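Just so you know, the protein sequences line up as chains U and X, in that order.
Residue numbers for the first sequence follow this note's numbering, so the first one is 1 and each next one is one higher.
Residue numbers for the second sequence follow this note's numbering, so the first one is 1 and each next one is one higher.
Worksheet: one structure, shown below.
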Amino acid sequence: MRWINRKPDHVSQIILALLSFMIILVVYTLTSQARLAVNPSDKLMPAISKIIETAGRLIFEPDKRSGEILFWKDSLVSLVRICIGIIIAGVSGLFFGMAIGMIPYIRAALSPLVKVISVVPPLALLPIMFIALGLGETSKITLIVIGVTPFIIRDLIARVDEIPVEQIVKAQTLGANTFVIAKSVVLPQIMPRLVSAIRLSLGPAWLFLIAAEAVAAEAGLGYRIFLVRRYLAMDVILTYVIWISFLAFVMDWVLRKTSENLWPWMESKS
Amino acid sequence: MSFVSVRNLYQKYGNRPILERVNFEAGEGEFVSIVGASGCGKSTFLRLLLAQEIPSKGVISIAGAEPAKEPSLDRGVVFQRYSVFPHRTVLQNLVAVFAMKNSLGMLSRSEKKDAENAAMTALERIGLAHMKDQYPSALSGGMQQRLAIAQALLAKPKILLLDEPFGALDPGTTANMHDFLLELHDETKMSVFMVTHDLEEGFKLGNRLLVFDKPRWDPDFPDAYGATITFDLDTNQDKSTIDHIRETSNVQ
Ligand SMILES: Nc1ncnc2c1ncn2[C@@H]1O[C@H](COP(=O)(O)OP(=O)(O)OP(=O)(O)O)[C@@H](O)[C@H]1O
Ligand SMILES: [Mg+2]
Chain U
1 MRWINRKPDH
11 VSQIILALLS
21 FMIILVVYTL
31 TSQARLAVNP
41 SDKLMPAISK
51 IIETAGRLIF
61 EPDKRSGEIL
71 FWKDSLVSLV
81 RICIGIIIAG
91 VSGLFFGMAI
101 GMIPYIRAAL
111 SPLVKVISVV
121 PPLALLPIMF
131 IALGLGETSK
141 ITLIVIGVTP
151 FIIRDLIARV
161 DEIPVEQIVK
171 AQTLGANTFV
181 IAKSVVLPQI
191 MPRLVSAIRL
201 SLGPAWLFLI
211 AAEAVAAEAG
221 LGYRIFLVRR
231 YLAMDVILTY
241 VIWISFLAFV
251 MDWVLRKTSE
261 NLWPWMESKS
Chain X
1 MSFVSVRNLY
11 QKYGNRPILE
21 RVNFEAGEGE
31 FVSIVGASGC
41 GKSTFLRLLL
51 AQEIPSKGVI
61 SIAGAEPAKE
71 PSLDRGVVFQ
81 RYSVFPHRTV
91 LQNLVAVFAM
101 KNSLGMLSRS
111 EKKDAENAAM
121 TALERIGLAH
131 MKDQYPSALS
141 GGMQQRLAIA
151 QALLAKPKIL
161 LLDEPFGALD
171 PGTTANMHDF
181 LLELHDETKM
191 SVFMVTHDLE
201 EGFKLGNRLL
211 VFDKPRWDPD
221 FPDAYGATIT
231 FDLDTNQDKS
241 TIDHIRETSN
251 VQ
């Protein structure tokens, strides 16, 4: 049988998936042990047990100086930043995406501008934002907003264009004005698309957040990993990296479930 | 003054004439079938009647009104596909007929109740009452088209435009849909324009049949001239012409 036609059964699928993780874990453990055998104070590849121990300390023990648990503070600060950024980007992306997609005059005015903005690498704008908006929260959130909004707008314009013209004509023959078409025909069909555009934007949003925090911040997940880098605290960095990945995963999962529950007609359509 | 009047209609896309010198009058309540070779401009003619497009030249007037600039409640339409709203259930698709007229797209509580009652009556009439809470994707092609026709009729348009409404259905379903449509036409006495690629269907349903074709033809430049109405017949009297149309106008 050809390899393209051989399919693993359910159990093999799980085993294979676990296997790839196990291999990485085993390779890491062996290398780490070998390095620690040569140099017990090696920091580059801490033992798994060390990482778990550090993680426990980070999660449960308050900081000596401030009395706060920095891990949770960092998480909260970063989550607030990324959520505000994503919400602003989502709302403005939805508004401009629908307006440009539906109304030819607005398309003529704004579509070229959006195209130009979306080719500017957002990270190159970071210094400008720090200069113009200061080092506080605004500049970090703005970077996320500027980084992902053009993508969301362009994606939604394409989704509006995909709505069959027949539906728009039909709504007009039922007496709908532009507002009602936007509200009752376009918006409900575009909302699930907005959620998937946001899901795709989460990766870049985290990238912009961590970059901004690395450059200038007083707290935050990105700030912390770049801070402890100086002490080669790999155990802390790895804990944070795993935690950030977990947060990103949970956000994606929540959005996907929301979409599936709110818009069941989307699922059965495809 | 006739109910639908089309005078000296031309439509061009770029430099390419699609329709030329189309003249036509129809009385209220007529069922007009439109046939013609593929790509000759039948859908274009329907879009012009619908006011989805503005003609390059000429005038279309319905019930004596000024030529329309955009689609409105006067003209109902059913396309081959995509005529119902996929994000609304069957019942909500019909309730939309009442809600969309409102400038905010909303109904008061009592209006909503009335709308739902009217929608349920219509659903029972078209045999879809048991599907009222399903989304259109769960309906068969024939059910979707019945829903689309009911939706268009509920808005009480002055004319109903159908562009190959049964083109995507299998033959058995199509026959049922023919009876359904004829019954509705008898009940409502609505003026109907239906494009079809099936000459028999056009004869069976319409009381009048229009054939679109290019009267002038330049073999070196097939796009040089547009199509116009080459036959305009009463389907009750001119049954014998069906073969003649087949031979001369490249329709099946
Ligand atoms: N918006 C447009 N811009 C340019 N050309 C168009 C446009 N719409 C239609 N055409 C062209 O006009 C011609 C007539 O199209 P139309 O859809 O009216 O034909 P039709 O008779 O309905 O054909 P069919 O039987 O395939 O449905 C076609 O050659 C088509 O390519
Ligand atoms: Mg057509």
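Backbone N, C-alpha and C define an ideal beta-carbon position, used for all residues, glycine too.
Owing to the predicted nature of the structure, the values given are computational and were not obtained by experimental measurement.
CB contact flag (residue i, residue j, <9 Å)
i, j, result
"L184 (chain X)", "L94 (chain X)", "no"
"I152 (chain U)", "L94 (chain U)", "yes"
"F98 (chain X)", "D74 (chain X)", "no"
"L209 (chain X)", "I34 (chain X)", "yes"
"V78 (chain X)", "P165 (chain X)", "yes"
"L259 (chain U)", "V186 (chain U)", "According to the sequence shown, residue 259 (chain U) is Ser rather than Leu. No, the pair does not count as a contact, with Cβ atoms beyond the cut-off."
"P136 (chain X)", "V90 (chain X)", "yes"
"L110 (chain U)", "A211 (chain U)", "no"
"M99 (chain U)", "V148 (chain U)", "First, the residue type needs correcting, since residue 99 (chain U) is Ala and not Met in the sequence shown. In this structure, V148 (chain U) does not lie closer than 9 Å to A99 (chain U) by Cβ."
"D170 (chain X)", "G141 (chain X)", "yes"
"E25 (chain X)", "V192 (chain X)", "no"
"W263 (chain U)", "P188 (chain U)", "yes"
"G202 (chain X)", "M190 (chain X)", "no"
"A47 (chain U)", "Q33 (chain U)", "yes"
"S43 (chain X)", "Q11 (chain X)", "no"
"V236 (chain U)", "L25 (chain U)", "no"
"F208 (chain U)", "L123 (chain U)", "yes"
"G105 (chain X)", "K64 (chain U)", "no"
"G167 (chain X)", "T121 (chain X)", "no"
"I190 (chain U)", "G90 (chain U)", "no"
"L70 (chain U)", "R224 (chain U)", "yes"
Those residues which DSSP pairs with residue i across a bridge
i, result
"I229 (chain X)", "X:F212"
"L162 (chain X)", "X:V78, X:M194"
"R337 (chain X)", "This structure cannot settle anything about residue 337 (chain X), because the visible part of chain X is limited to 1 through 252."
"D234 (chain X)", "X:R208"
"K57 (chain X)", "X:Y10"
"G93 (chain U)", "For G93 (chain U), which the question treats as bridged, DSSP gives no partner whatsoever."
"V35 (chain X)", "X:V211"
"A26 (chain X)", "X:V4"
"I62 (chain X)", "X:V4"
Proximity to residue i [Cα-Cα], best of the options
i, options, result
"P112 (chain U)", "U:F96, U:L36, U:W72, U:S41", "U:F96"
"E28 (chain X)", "X:K156, X:Q151, X:Y13, X:I62", "X:I62"
"T138 (chain U)", "U:E213, U:F179, U:A197, U:P104", "U:E213"
"M234 (chain U)", "U:A34, U:A37, U:P40, U:K50", "U:K50"
"I54 (chain X)", "X:M100, X:A152, X:V6", "X:V6"
"R21 (chain X)", "X:V59, X:R146, X:V4", "X:V59"
"V215 (chain U)", "U:R65, U:V26, U:L255, U:P127", "U:P127"
"N176 (chain X)", "X:L162, X:E187, X:R146", "X:R146"
"T188 (chain X)", "X:Y13, X:T196, X:I149, X:K12", "X:I149"
"S75 (chain U)", "U:R35, U:F246, U:K7", "U:F246"
"N15 (chain X)", "X:H244, X:Q237, X:A224", "X:A224"
"N23 (chain X)", "X:I242, X:V211, X:A129", "X:V211"
"V180 (chain U)", "X:S56, X:M100, X:H130, X:Q52", "X:M100"
"S38 (chain X)", "X:D232, X:D163, X:A152", "X:D163"
"G76 (chain X)", "X:A152, X:V4, X:S110", "X:A152"
"V241 (chain U)", "U:P8, U:T31, U:G222", "U:G222"
"N102 (chain X)", "U:T173, U:I15, U:V114, U:I103", "U:T173"
"K156 (chain X)", "X:T235, X:Q92, X:A118, X:S110", "X:A118"
"M266 (chain U)", "U:P192, U:R224, U:I103, U:T239", "U:P192"
"R256 (chain U)", "U:L207, U:C83, U:L200, U:R229", "U:L200"
"R81 (chain X)", "X:L104, X:Q144, X:G41, X:L107", "X:Q144"
"K115 (chain U)", "U:S92, U:R154, U:F130, U:P121", "U:R154"
"A51 (chain X)", "X:R125, X:D234, X:P71, X:R109", "X:P71"
"I52 (chain U)", "U:I4, U:W243, U:S92", "U:W243"
"C40 (chain X)", "X:T235, X:T241, X:H244, X:A227", "X:A227"
Below-9 Å beta-carbon distance, residue i vs any chain B residue
i, result
"A108 (chain U)", "No chain B appears in the structure shown, which is made up of the protein chains U and X."
With three or more C-beta pairs closer than 8 Å as the rule, is the segment 44-53 of chain X touching the segment 200-207 of chain X? no
So does the segment 215-232 of chain X actually touch the segment 55-72 of chain X, counting three or more Cβ pairs closer than 8 Å? no
Environment of ligand 4 in chain order, Cβ to heavy atom below 6 Å: In the structure on display, ligand 4 does not appear, and the ligands it does have are ligand 1 and ligand 2.
Could you say if the segment 125-141 of chain U and the segment 152-167 of chain U meet the contact criterion of at least three C-beta pairs nearer than 8 Å? no
Given 8 Å as the limit, is there contact between the segment 216-233 of chain U and the segment 24-41 of chain U, that is, 3 or more CB pairs closer than that? no
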